[in-house]
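Student: Take this structure first; my questions come after.
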Amino acid sequence: MEQQSIYKYEEVQELIKKIISENGLKAGDKVPSIRKMSTDTSLSVSTIMKAYVELEHQGVLESRPQSGFYVSADNSIPSLEISAEKRITVARVDKFSMIYSVCNAMADKRLIQFGGASPCLSMLPSAELSKTLKHILNHNQDFNSFEIFRGNAQLRSCISMQMLSAGLEISPNEIIITTGATESLSHILHVLFKPGDCIVTESPLHFGHLHTLESMGIYVIEIPSRPDQGMDPDRLKDTLDRYDAKALLIQPNFSNPMGGMISDEDKKRIVEICAAKGVPIIEDDVYGELCHEGHRPRCLSSFDKTGNVIYIASFTKTISPSFRVGWVCPGRYYKEVMDKKISSVLDTSRLLQLTLADYLLSGKFSRYLNRVRRMYRSQVAAYRSYVSEFFPAGTRVSNPKGGYILWMELPEAVDSFRLYEEAMKEGIGIVPGFLFTAQDRYRNFIRLNCGSPLDKKHIEALRRLGSMAVRLAEG
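Start counting the sequence shown at 625; every next residue gets the next number (the numbering used here).
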């Protein structure tokens, strides 16, 4: 009797593996439910459950509470390794023309886009925002007036409540609303820097930040990041001992483009190291809400006791790219940052702030985040599977635990700029890796956006992109 039971659940395991293989299921795809398999095979629910649990132990399936079983992420896909780069030097950013060209390509609607760091448009709460916006236009006669300089009080209160999930208790009066995170960064840099000063950053670094630094004549000291864990506190300390840096610019949670997340222990150490050196930290946390599972990670600012960490974020990657509404918590630099805002853009759109405040107050944001986090987890896993299938042998790819961006290392023979040019001719947009550094690095790297759902068009574009990379690798 026992032998028959073992045989049956093993039979179910083989059946599930066959379903995955014959239907071309990828990581993140759902497999038939336990009840359906029980009905289809005329076997007991307990036998099917035993088979599914065993497949989960084997790494074939993964369970998700209240949802069912899914094809597991392929852990055999080669992941990025810890950088062996030991050299840290000071460099001036000089890449404006190339950044300008790539940004124009990212805005080209004719291209199948894997380049821009845009969220999944079909998942955004656009209908809810539109409904809220129309209601304000029809019923709030005050929408067309100026907003106070530091931002709408209701929106700042909502953000203050939202920040509790990141471990940060902050008063609404310590928050300044900005036109996206870029405005926040610009104000902060103008407060802290003058041309010729040095800033410490992680490497690779988002090329938009590099462009902002270039426009101000700021020199960059890059610390190569660990793929999974982000910046190494020991290397940061050594760098600050050697160089006169005015600040640290860092994305501690799911950095763009590498996707690493710094542990709480290392976050605390980084805050303590910079406080001891008197070096302010500029924390960019725009992807912090997009963890794939578990609790939203803490921000660096939650470990700050002295106001030395300046926190910036926005709703661009979560709710609406086009609204361009962000915020900054300047810590002890509040007055200086506010002075910069008043002397430049004055205030941020009152209408858009009212719309976001109403949406956040509705309680729908947390439910939306739960959906989109699961979706990005599945899409990142599926993209990694296709990269493993389509791209040349030796390709390595990041395995982020949040966000929707992959950082890919191609074989050394592949020049990512040549791949970018070839892809453009084929109607495909990517971003070559050397844009994410002020140094001469990452020539064989690309950033891949996983925000777009993997329909047939995008899968075919990935296949063609992989074929191009194979040809370049083979010379």
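Heads up, the beta-carbon is just placed ideally off N, CA and C, and yes, glycines get one too.
Computed from a predicted model, the values in this text were never measured in an experiment.
Since Ser784 and Ile800 are thought to touch, with beta carbons under 8 Å apart, how far apart are those beta carbons, to the nearest angstrom?
Tutor: That pair is no contact at about 12 Å.
Student: Tell me the DSSP secondary structure of Cys727 in three-state form.
Tutor: Cys727: helix per DSSP, three-state reduction.
Student: Taking the alpha carbon of Asp888 as the point to measure from, which residue in Phe927, Gly912 and Leu788 has its own alpha carbon closest?
Tutor: For Asp888, the nearest C-alpha among the options comes from Phe927.
Student: Who are the near neighbours of Ile906 in its chain, counting only those whose CB is closer than 6 Å to its CB and skipping five residues on each side?
Tutor: Cβ neighbours of Ile906 beyond the five flanking positions: Ile812, Ala871, Leu873 and Ile934.
Student: I'd like to know whether the C-beta atoms of Gly1027 and Pro828 end up nearer to each other than 8 Å.
Tutor: Result no, Cβ atoms of Gly1027 and Pro828 do not sit closer than 8 Å.
Student: For Asn762, does the three-state DSSP call read helix, strand or coil?
Tutor: Asn762 falls in the helix class under three-state DSSP.
Student: Drop a sphere of 10 angstroms on the beta-carbon of His833, count the other beta-carbons inside from all chains shown, and report buried for 16 or more, exposed for fewer.
Tutor: Answer is buried; the Cβ neighbour count reaches 16.
Student: In this structure, how does DSSP classify Met885 when only helix, strand and coil are distinguished?
Tutor: Looking at Met885 - three-state DSSP - the assignment turns out to be strand.
Student: Could you tell me the alpha carbon to alpha carbon distance between Pro819 and Arg1071, rounded to whole angstroms?
Tutor: Each residue's Cα considered, the two are about 30 Å apart.
Student: Tell me which residue opens and which closes the beta strand (DSSP E) that Gly692 is part of.
Tutor: It spans Gly692 to Val695 - the beta strand (DSSP E) in which Gly692 sits, taken as one unbroken run.
Student: In three-state terms, what does DSSP make of Cys1144?
Tutor: For residue 1144 there is no data in the structure shown, the boundaries of the chain being 625 and 1099.
Student: Do you know how far the Cα of Ile894 is from the Cα of Leu860?
Tutor: Each residue's alpha carbon lies about 8 Å from the other.
Student: Taking 8 Å as the cut-off, decide whether the C-beta atoms of Cys898 and Asn932 are in contact.
Tutor: Contact: yes.
Student: Could you give the first and the last residue of the continuous beta strand (DSSP E) run that contains Thr802?
Tutor: Segment Ile800 to Thr802, the beta strand (DSSP E) holding Thr802.
Student: Counting Cβ pairs, one atom from each stretch, are 3 or more of them under 8 Å apart for the stretch 756-765 and the stretch 950-967?
Tutor: With the cut-off at 8 Å, the stretch 756-765 and the stretch 950-967 do not touch.
Student: Quick check on Gly1103: buried or exposed, where buried means 16 or more other Cβ atoms within 10 Å of its Cβ?
Tutor: Because the chain in this structure spans residues 625 to 1099, residue 1103 falls outside the shown range and cannot be described.
Student: Does Gln853 come out as helix, strand or coil in the three-state DSSP assignment?
Tutor: Gln853 falls in the coil class under three-state DSSP.
Student: Compare the beta carbon distance of Gly950 and Glu807 with 8 Å and say whether it is the shorter of the two.
Tutor: Taking 8 Å as the Cβ cut-off, Gly950 and Glu807 qualify as a contacting pair.
Student: Which residue's Cα is closest to the Cα of Asp776: Ala981, Asn1073, Ser1040 and Pro851?
Tutor: This sequence places Asn at residue 776; Asp is not what is there. Nearest of Ala981, Asn1073, Ser1040 and Pro851 to Asn776, Cα basis: Ala981.
Student: Please state whether DSSP places Ser707 in a helix, a strand or coil.
Tutor: With a pLDDT of 49 at Ser707, under the threshold of 50, the modelled position of that residue is not reliable, and no figure is offered here.
Student: Could you pull the DSSP bridge partners for Asp908 from this structure?
Tutor: Ile936, per the DSSP bridge assignment.
Student: Counting along the chain, where does the beta strand (DSSP E) carrying Leu985 start and finish?
Tutor: Careful: Leu985 lies outside any beta strand (DSSP E), inside the alpha helix (DSSP H) at Arg974 to Leu985.
Student: Label Ile966 either buried or exposed according to how many other C-beta atoms from any shown protein chain fall within 10 Å of its C-beta, with 16 as the threshold for buried.
Tutor: With fewer than 16 other Cβ atoms within 10 Å, it is exposed.
Student: In angstroms, rounded to a whole number, what distance separates the CA positions of Gln786 and Ser795?
Tutor: Cα to Cα, Gln786 sits roughly 11 Å from Ser795.
Student: So what does DSSP say about Asn1073, is it helix, strand or coil?
Tutor: In this structure, Asn1073 counts as strand in the three-state DSSP scheme.
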